[in-house]
Amino acid sequence: MLISRKAAGGLLALTLFSGASFASSDLAVPYVVGGEDAPKGAYPWMAQLKAGSSHCGAVLINEQWLLSAAHCTFDQYEEGQHTQAEDIIAFIGEDEFNYSYDDGLPMAEVCQHPDYVDFDNTEEGKVSGDYDLVLIRLADATSITPITINQSAIFDQYSPGFGLRVIGYGRVNNDADNPEYLDELQQADLSLTSASECSQFYGAEWLSDQMFCADSNIADSCSGDSGGPLFIDEGTQYKLAGIVSWGTRSCANAPGVYADVGKLSGWINQVIQASEAERADPSLCSQLAAVPRPSSGGGAAGGLGLIALLVLRRFRKTKN
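When the letters of the sequence shown are read in order and numbered with mature numbering (1 follows the signal peptide of the UniProt record, and there is no 0), they come out as residues -23 to -1, 1 to 297.
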């Protein structure tokens, strides 16, 4: 990745965690730290998503649909909805980061999970960053073979300690103030973390049934990896288990948090099978209005608020 690809959305993402306590003082952002170069051509369904000024990962799950994190396309700076399809492009199956903004694949439709909760949302009873999934339809179908998606909640099938793999083009070091990126797609092996252990780091109030954690002593997803895949290597095929959502700012000393694809597979299947007219129904594809806020990280946001958001989102990078 470009060294200029900075994690711009980190502070905002942390805002939802205002008042949270953590076992570590680190805050979260998205990328693969402590990983290695992925084998060439190993993950043809991996996508690079450029939504407005955000750089995220995504994954091809159908010949015409990409799955990513809702916070990658949710426009938190404008009163309105999500980033529109015409402002999103994708590169699929490339082993190196593509810096172009001109020749990516065009998108035709954006379908955000109807229950997505913005990371800055402080409404009582709601977990910030919950249901962090968005489906994006390609303007034209592709012949690339998609990944298989897990159809059950992660803990219905697997126990803590089960091996998982994450890939991405995000930050590769633990210093958020001096980010480093590599052009080559990175991969790292992680282990499924128990819900109780994850709660010890973040607090149960910041986790939902639609989230799970994965960890490693040496690796983590990080800023720029948001929306990318966490998957299972079954030997004969890969199976998508989670989408990179949020974590600590240093991407160290705490588990990363992922949206549970299997838990939300019913919604994913329903969207893909629905007609475009049916997807216009906000109960299926939400266009949740964003809350306008200052674009800078100044005092208006508040210290605790800024910290909270950073922990959550592992994604946003502006193009400089």
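Heads up, the beta-carbon is just placed ideally off N, CA and C, and yes, glycines get one too.
All of these numbers come straight from a predicted model, not from anything done at the bench.
query, result
"Between the CA atoms of Thr170 and Phe189 - distance to the nearest angstrom", "7 Å"
"Contact set for Lys17: own chain, Cβ-Cβ below 8 Å, skip 5 residues either direction", "Asp72"
"Buried versus exposed, by CB contacts within 10 Å (16 or more), Ala47", "buried"
"The stretch 32 to 49 contacting the stretch 243 to 261, beta-carbon criterion three pairs below 8 Å", "yes"
"Collapsed DSSP secondary structure at Lys164 in the structure displayed", "Lys is not the amino acid found at residue 164; the sequence shown has Gln there. Three-state DSSP puts Gln164 in a strand."
"Under 8 Å between C-beta atoms of Ser185 and Asp107", "yes"
"Under 8 Å between C-beta atoms of Ala191 and Tyr235", "yes"
"Sequence-distant residues of the same chain with beta carbon closer than 8 Å to Glu211, five excluded per side", "none"
"Residue ranges of each alpha helix (DSSP H) within the stretch 241 to 266, 4 or longer", "242 to 250"
"Ala231 beta carbon near the ligand FAD (any heavy atom closer than 7 Å)", "Ligands in the displayed structure: none, and consequently the ligand FAD is not present."
"Per-residue DSSP class, three states only, for Gln89", "strand"
"Spatially closest choice to Ser173 from Pro232, Ser203, His32, by CA coordinates", "Pro232"
"Beta-ladder partner(s) of Trp22, from DSSP", "According to DSSP, Trp22 bridges with nothing at all."
"Ala28 versus Leu167, Lys240, Gly201, Trp183, residue with shortest Cα-Cα distance", "Gly201"
"Cβ neighbour criterion (16 or more within 10 Å) applied to Glu86", "buried"
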